[in-house]
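Quick note, the sequences are listed as chains A and B, same order. The numbering of the first sequence is the numbering used here, which starts it at 1 and goes up by one. The numbering of the second sequence is the numbering used here, which starts it at 1001 and goes up by one. See structure below.
Protein chains: 2
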Amino acid sequence: MNLFDLTTAAGRSDEVVEDLAVIAGVRIERIVSTGQSTPTGTWYDQDHDEWVAVLQGEGVVVFEDGAQVCLRAGDTLLLPAHRRHRVAATSGEPACIWIAAHGPAVHG
Amino acid sequence: MNLFDLTTAAGRSDEVVEDLAVIAGVRIERIVSTGQSTPTGTWYDQDHDEWVAVLQGEGVVVFEDGAQVCLRAGDTLLLPAHRRHRVAATSGEPACIWIAAHGPAVHG
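Written out as structure tokens, the structure reads:
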């Protein structure tokens, strides 16, 4: 699959997540967002570190402590385990294409 | 560092490799190539799996068994441990921007 190919996301109203590879237990995936966001008041509290990059479009990540990061094409962000965050916004046109690398659980 | 920002590679004649993140022992790096290739007859024989993606430009990977893969923007490739390979060519204009994820050694 080409990272910029939106065929699999065409006509979908939900985010499309596809596995790219697993390297030594670290899962690398592509996420295509088209305007979705994490519901207000909902926080991701992950038990593993995650690294994300935006390849196209824009995405906004907000942390529970108030910090906000707007990611544009080429921007990257480390999401340490248990740093609570949500995706406050994603672009729909163009679609927001993310790469995410998820480590295995830090605890357990 | 923005993945598409070539400031750090400007005026350099060698490849520029920069660490992006380490997730659970998996090192993610950006490589900017500008026409370099692995010397003929030289093969990478890595003791870890590697996953690569080309974000811009083109790169050609050749395996010792004769297989050849031309990667263009958005293309990805898994390089399993000990599958001997070399980079036969990279584009110079535009620069070839890679993301690579290296696992820890499979043996040892």
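Note that CB positions come from ideal geometry on N, CA and C, so glycine has one too.
Close Cβ partners of residue i (< 7 Å) along its chain, the five nearest in sequence each way excluded
i	result
B/Arg-1086	Thr-1038, Thr-1042, Trp-1043, Tyr-1044, Val-1062
A/Glu-15	Ile-31, Val-32, Ser-33, Gln-36
A/Leu-6	Val-32, Ala-95
B/Ser-1013	none
A/Val-26	Ala-101, His-102, Gly-103
Buried/exposed call for residue i, threshold 16 Cβ in 10 Å
i	result
B/Glu-1093	exposed
B/His-1048	buried
B/Ala-1010	exposed
B/Asp-1075	buried
A/Ala-24	buried
Spatial distance of residue i from residue j (CA atoms)
i	j	result
A/Val-69	B/Gly-1059	32 Å
B/Thr-1040	B/Gln-1046	17 Å
B/Gly-1108	A/Val-52	For B/Gly-1108, the predicted structure reports a pLDDT of 46, less than 50, and the residue's modelled location is therefore unreliable. A value from the coordinates is still provided. Looking at the two C-alpha atoms, the distance is approximately 29 Å.
B/Asp-1019	A/Asn-2	23 Å
B/Ala-1089	A/His-102	31 Å
B/His-1082	B/Thr-1008	31 Å
B/Val-1017	B/Glu-1029	7 Å
A/Ala-105	A/Arg-84	15 Å
A/Ile-99	B/Pro-1080	20 Å
B/Leu-1071	B/Ser-1091	11 Å
B/Glu-1050	A/Gly-66	36 Å
A/Glu-64	B/Phe-1004	29 Å
A/Leu-77	B/Leu-1078	23 Å
B/Val-1054	A/Val-54	14 Å
heavy atom of the ligand GTP below 7 Å from residue i C-beta
i	result
B/Arg-1027	The ligand GTP is not part of this structure, which contains no ligands at all.
Cβ neighbours of residue i in the same chain (closer than 6 Å, five flanking residues each side left out)
i	result
A/Gln-56	Ala-73, Pro-94, Ile-97
A/Ala-21	Ile-28
Where residue i meets chain E, residues with beta-carbon distance less than 8 Å
i	result
B/Trp-1051	Judged by its chain identifiers, the structure shown contains no chain E, and its protein chains are A and B.
Quiz item: If you measure beta-carbon to beta-carbon, which residues of the region 1016–1035 of chain B are closer than 8 Å to chain A?
Solution: Leu-1020, Ala-1021, Ile-1023, Ala-1024, Gly-1025, Val-1026, Ile-1028
Practice problem: Please list the segments of the alpha helix (DSSP H) lying wholly inside the region 1027–1089 of chain B, counting only runs of 4 or more residues, in order along the chain. | Solution: none
Self-check item: Interface residues of the region 1002–1017 of chain B facing chain A [CB-CB below 8 Å]
Solution: Asn-1002, Leu-1003, Phe-1004, Asp-1005
Quiz item: What are the residues of the region 74–92 of chain A that lie near chain B, defined by any Cβ-Cβ distance shorter than 8 Å?
Solution: Gly-74, Asp-75, Thr-76, Leu-78
Quiz prompt | Interface positions of the region 58–73 of chain A facing chain B (Cβ-Cβ less than 9 Å), listed along the chain | solution = Arg-72, Ala-73
Exercise. Mind checking the region 93–104 of chain A against chain B and listing, in chain order, the residues whose C-beta falls within less than 8 Å of any C-beta there?
Key: Here the close residues are Ile-99, Ala-101, His-102, Gly-103, Pro-104.
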